[in-house]
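**Student:** In short: position in the sequence shown from 1, add 63, done, that's this note's numbering. Ideal Cβ positions, reconstructed from N, Cα and C, are used throughout, including at glycine.
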Amino acid sequence: WALIAQPGVTMTWPIVMFWSEFVHFEWNCMDDNTNEVLAKGTVCWVRRGHRGACYFKSEQLTFYRDVFAPQELLQLIQG
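#1: Mind checking which residues open and close the alpha helix (DSSP H) that includes Glu135?
#2: Checking the sheet assignment: what are the DSSP bridge partners for Asn91?
#3: Is Ser83 helix, strand or coil by DSSP?
#4: What residue from Thr75, Trp108, Thr97 and Glu99 has the CA that sits closest to His87's CA?
#5: Determine the direct distance from the alpha carbon of Trp90 to that of Met74, and round the result to whole angstroms.
#6: Answer yes or no: do Val100 and Glu122 have a C-beta to C-beta separation smaller than 8 Å?
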């Protein structure tokens, strides 16, 4: 989620559905100034058993704008 949680962005979950063992939700990341959708995705998972273990998970992400990271974080991964 760190890639999606950019400054000035609000994350919303407009659709969440529960049916038996299945959970499906969609999410949007919206620019706080322009209301532009920067990224969106869907997630579906199947829970099995009473302990809430995730039996299967599928995720799709779509980015409409390049994401960025501060220079300090980039230096950490460059060594």
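**Tutor:** So, from the data block:
#1: To locate residue 135, count along the sequence shown from 1; it is residue 72. Membership of Glu135 in the alpha helix (DSSP H) is indicated by the continuous run Gln134 to Gln141.
#2: For the purposes of this step, residue 91 is taken as residue 28 along the sequence shown, with counting starting at 1. DSSP output for Asn91 lists Thr75 and Lys103 as bridge partner(s).
#3: On the sequence shown, residue 83 is found 20 positions in, with the first residue counted as 1. Coil at Ser83, not helix or strand.
#4: In the sequence shown, counting from the first residue as 1, residue 87 sits at position 24. In this structure, Trp108 is the residue among Thr75, Trp108, Thr97 and Glu99 with its C-alpha nearest to the C-alpha of His87.
#5: Here residue 74 refers to the residue found at position 11 when the sequence shown is read from its first residue. Here residue 90 refers to the residue found at position 27 when the sequence shown is read from its first residue. Taking C-alpha positions only, Met74 is separated from Trp90 by approximately 7 Å.
#6: Sequence index remark: in the sequence shown, residue 100 carries index 37 (1-based). Sequence index remark: in the sequence shown, residue 122 carries index 59 (1-based). Going by C-beta atoms, Val100 is not nearer than 8 Å to Glu122.
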